[in-house]
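To keep things clear, I will list the structure first and then write my remarks on it.
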Amino acid sequence: MPTIITKKALTIPPFIVMEVMERAHELEKQGQQVIHLEIGEPDFKTPSCICNAANEAMCQGQTHYTHSLGILSLREAICAHYQEKYGVHVSPDQVIVTSGTSPALLLLFCALLDPGDEIILSDPHYPCYPNYATFLGGKPVFVKGEEKEGFQLDPEQIKKKIGGRTRAVLINSPANPTGNLLSPERMEAIAHLELPVISDEIYHGLVYGRKEHTVLEYTENAFVLNGFSKLYAMTGWRLGYVIAPPSFVRPLQKLQQNFFISAGSISQWGGLAALTCAEQDVMNMKEIYDVRRRYMIRRIRELGFGLPVEPAGAFYIFANAKEFGESSYDLAFEILEKAGVGVSPGIDFGKNAEGFLRFSYASSLDNIKAGLDRIEDFLSHR
Ligand SMILES: Cc1ncc(COP(=O)(O)O)c(C=O)c1O
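Each residue of the sequence shown is one higher than the one before, counting from 769 in my numbering.
This is how it looks when you write it as structure tokens:
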């Protein structure tokens, strides 16, 4: 009997940025030197206080499954963090610790979406949001962001998309791929639409000269997704969490028990250290990101890319490249092949993102300078 691959597995779209990266690695194997501005992960090492805490936990035998919701001290530290930073009360019973924000997102969509149910997303968006929803039989419904408004979600446009099958709206501020923040006024208006709000807060803490807000400041009818990958440079540790309304905790816990049992024990002890001892390390990384951000904004504008709104968060710049080509996919690969610089094509992030390129400044200032010099040279000879 032939082995059949499910339609779901066959049709889930790839992560195009990974394809850029894989081609870049091929070129590197052939001896070319590629500068990576496509990557969405910190170039810093995990702060040593986190590594030391994890090492100690491991040596002391904290190497077993944990409670499916996560170790209590970590859940308490997450609640203390939300209390101190935003003044919101969250109970440790509302926190489910997961092996990254990605599994948190998967558990949450499993709990919210039956086949045919709809979820409202912005366009542009992080690529996995619609892919997860579609995989589960749900239907992503897109609200286009306006470039001149930094692609922020507009509450009035969301209202028009709400129907009988709408289950939630998802916000992400600071956002991937744009690096922009949703204004507190808009966040509050979205929170008052009487629709559950999922807020992906993974880039919180990486905000320059502005203040980020959690959705929990405006409503309790919300789910927070967060993780340690970006702020603490812990992508490989695989650690994240969901904060959910009490009635959702038991279903999410059962999903976690079945799919993952618990998040990794050692990572959880590392996460506790991140929340309790890594403040100075985070401040140092943030200062360095900010220097790179300001440099990159200036150079990208000088090169002729469009950037009407200065991105103030995450480590991305999402620039209008329509002047240089209609297909962002072709342009990104041309830049890779001819200039030796990896950038992410906008089309990875939605139809409304076509014609844009995402540049990441999670790379050293020297790399950024060299990469943009190469792009300048490439554009001038085109
Ligand atoms: C917006 C957003 N959410 C979630 C994730 C997933 O992060 P992780 O699974 O590493 O916690 C990413 C990773 O790039 C992201 O950009």
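Beta carbons are placed, not taken as given, at the ideal position from N, Cα and C, and that holds for glycine.
Owing to the predicted nature of the structure, the values given are computational and were not obtained by experimental measurement.
Please work out which residues of its chain come closer than 7 angstroms, Cβ to Cβ, to residue i, disregarding the five sequence neighbours upstream and downstream, and give them in chain order.
i	result
residue 776	903
residue 1124	1086, 1087, 1088, 1089, 1096, 1114
residue 923	954, 957, 958, 961
residue 918	946, 948, 1077
residue 1119	891
residue 920	913, 948, 950, 951, 954
residue 1143	1071, 1103, 1107, 1109
residue 792	802, 804, 1104, 1110
Give me, in chain order, the residues of the same chain whose beta-carbon lies closer than 8 angstroms to that of residue i; leave out the 5 immediate sequence neighbours on both sides.
i	result
residue 788	806, 1100, 1101, 1104, 1110, 1111, 1112, 1113
residue 795	802, 1104, 1105, 1108
residue 840	860
residue 1145	1107
residue 1019	879
residue 933	884, 885, 886, 907
What did DSSP end up calling residue i once you bin it into helix, strand or coil?
i	result
residue 1147	helix
residue 1111	coil
residue 903	helix
residue 1081	strand
residue 898	helix
residue 802	coil
residue 1046	coil
residue 1087	strand
residue 1074	strand
Just to confirm, does residue i get its C-beta within under 7 angstroms of one of the non-hydrogen atoms of ligand 1?
i	result
residue 894	yes
residue 982	no
residue 869	yes
residue 968	yes
residue 946	no
residue 899	no
residue 1128	no
residue 814	no
residue 1003	yes
residue 808	yes
residue 997	yes
residue 1008	yes
residue 940	yes
Thinking C-alpha only, which one of the options is nearest residue i?
i	options	result
residue 1071	826, 1139, 899	1139
residue 947	927, 1080, 1019, 822	1080
residue 1117	895, 1042, 849, 1051	895
residue 991	824, 925, 774, 874	874
residue 1135	1119, 978, 802, 1022	802
residue 931	944, 907, 951, 940	907
residue 1032	1048, 1015, 1008	1008
residue 913	1067, 893, 900, 798	893
residue 1149	1131, 1107, 1130, 1023	1107
residue 1005	1063, 815, 851, 985	815
residue 1147	1092, 1132, 1137, 940	1092
residue 865	1010, 1053, 1065, 1066	1010
residue 1041	772, 844, 811	844
residue 1027	1059, 1053, 872	872
residue 898	1094, 1002, 779	779
residue 901	882, 911, 790, 869	882
residue 973	998, 985, 783	998
residue 818	1059, 1043, 983, 856	1043
residue 1128	1060, 967, 977	1060
Could you name the residues of the same chain whose beta carbon sits closer than 6 angstroms to that of residue i, not counting the 5 residues immediately before and after it, in chain order?
i	result
residue 909	886, 888, 929
residue 1039	842, 996, 1007
residue 1121	892, 1114
residue 858	847, 850, 1011
Pick out the complete alpha helix (DSSP H) segments inside the segment 854-889, 4 residues or longer, and give them in chain order.
869-880
Pick out the complete alpha helix (DSSP H) segments inside the segment 959-1029, 4 residues or longer, and give them in chain order.
Fully enclosed alpha helix (DSSP H) runs of 4 or longer: 1014-1027.
Output the residue ranges of the beta strand (DSSP E) runs that lie fully inside the segment 806-846 and measure 3 residues or longer, sorted by chain position.
none
Quick check for students: name the residue ranges of the alpha helix (DSSP H) that lie wholly in the segment 1092-1136, counting only runs of 4 or more.
Complete alpha helix (DSSP H) runs here, min 4: 1096-1102.
Please give the ranges of any beta strand (DSSP E) in the segment 922-963, keeping only runs that are unbroken, at least 3 residues long and fully inside the region.
934-940
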